[in-house]
Amino acid sequence: MRLLVLLSLCLGIVFFYQTGGEPMPTMQLLQTQLNDDDAGLVSVGDCEAEKCVMVYLAPWCGTCRAASPMIVQMKAQLEQEGIPMQVVIGNANGSQVQQYAAQFPFNVALDPMGAYSHQLENKGVPYFVVFNKKGKRVSDYGGAYLQVDAMRGALEI
């Protein structure tokens, strides 16, 4: 399993340098790297804002698909308020993950093998986590509301 994760990471680096792309300027709070949907590499580091939001989705998840429009709206709203939001799609084969990622109007991080999901110890999908500036999980929510205000209320952001 670790060999597959390492291989995926190496392939992502190769694609990144071959395409001349730049890593997307996003945050994630575990020390790892994931490919984005443009074959770039996403560095995972600390939250530099007061709060950061991470959403983990899977292509086979009906609730995730139903909540996708809300997630797009919430990301735009939060980022206008200076709260970064990173979407990670995983726990499925690579082509399914990429097809689902293509439906979002922004870059998302790809985790087809579910390694990030495992590190995060998420409780299923969809899974929303709010981190503070120190990288500490301050709230989380398994599941999703279909309205931004309700989702923000559940996450207390």
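Going by full-length UniProt numbering, the first residue of the sequence shown is number 1, and it counts up by one from there. The beta-carbon is built from N, C-alpha and C at its ideal position, and this holds for glycine as well. Model, not experiment: these values are computed from the prediction.
Subject >> Counterpart residues of residue 142 in DSSP-defined beta bridges >> reply: 127
**OP:** Sort out for me which residues DSSP pairs residue 52 with in a bridge.
**Re:** 131
Original post:
Hey, out of 79, 66, 105, whose CA is closest to residue 57's CA?
Top reply: 66
Subject >> Inter-residue CB distance, residue 126 and residue 63 (contact presumed, cutoff 8 Å) >> reply: 6 Å
Original post:
Quick one, are the C-beta atoms of residue 89 and residue 120 less than 8 Å apart?
Top reply: no
Original post:
Measuring CB to CB, does residue 50 end up less than 8 Å from residue 132?
Top reply: yes
Subject >> Sub-8 Å separation of residue 154 and residue 70 beta-carbons >> reply: no
Original post:
Roughly how many whole angstroms lie between the Cα atoms of residue 95 and residue 114?
Top reply: 14 Å
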